[in-house]
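The structure under discussion appears below in the form of structure tokens.
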Amino acid sequence: MASMKLCLILCLFSMWSIEISLAARHLLQTMPPIPSSLPLPKPTRALPPLPATPTLPQVTLPPLPSLPTASSLPKPTLPPLPTLPPLPATPLPTMPAASTLPKPTLPPLLAAPLPTMPKMTLPPLPTIPNIPITMPTFPSPSLPPSSN
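Numbering follows my numbering, with no gaps: position 81 of the sequence shown is 81.
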């Protein structure tokens with residue numbers, strides 16, 4: 001709804017501005033020409049010279065403070081790292097050897113033969129007959145004889 005109002009306002013504004021520009025064009029086209037025979041008034045006295053710009057005093061800034069060098073800064077020190085308690089001496093469990101594991105076996109396959117699909121033959125494709133194409137010849141149009 002708001003976009004519809006905005007669109008309507010923009011449409012009315014553009015129509016109004018077109019109307020204004022057409023009125024201005026009409027005024028410019030119907031305005032009588034300015035006569036060039038009237039002389040322009042000449043200045044009777046000379047203009048005074050422009051005043052000189054005042055000079056500003058030079059500003060001197062204090063020197064910038066120097067940055068501390070790396071040798072003058074204190075060396076940062078880190079606190080010592082905490083020590084970890086010792087690990088227990090119990091051995092970790094190990095995996096059993098592969099020879100002690102039982103070998104996985106699959107059940108035997110059934111001896112029944114697999115079903116076979118019957119052999120299917122497709123009918124032959126019909127052939128497209130050859131149709132001779134002859135283009136008819138048309139006599140070329142000739143102009144009637146001129147009577148000059």
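Here a beta-carbon is modelled for each residue, glycine too, at the ideal position from N, C-alpha and C. Fair warning: this is a prediction, and the values are worked out from it, not measured in the lab.
- Secondary structure at serine 72: coil, using DSSP grouped into helix, strand and coil.
- Secondary structure within the stretch 34-109: not one fully enclosed alpha helix (DSSP H) run of 4 or more consecutive residues is present.
- Under the three-state reduction of DSSP, serine 21 is assigned to helix.
- Between the C-alpha atoms of threonine 94 and proline 88 there is a straight-line separation of about 17 Å.
- In the three-state reduction of the DSSP assignment, leucine 28 falls in the helix class, which pools H, G and I.
- Under the three-state reduction of DSSP, leucine 10 is assigned to helix.
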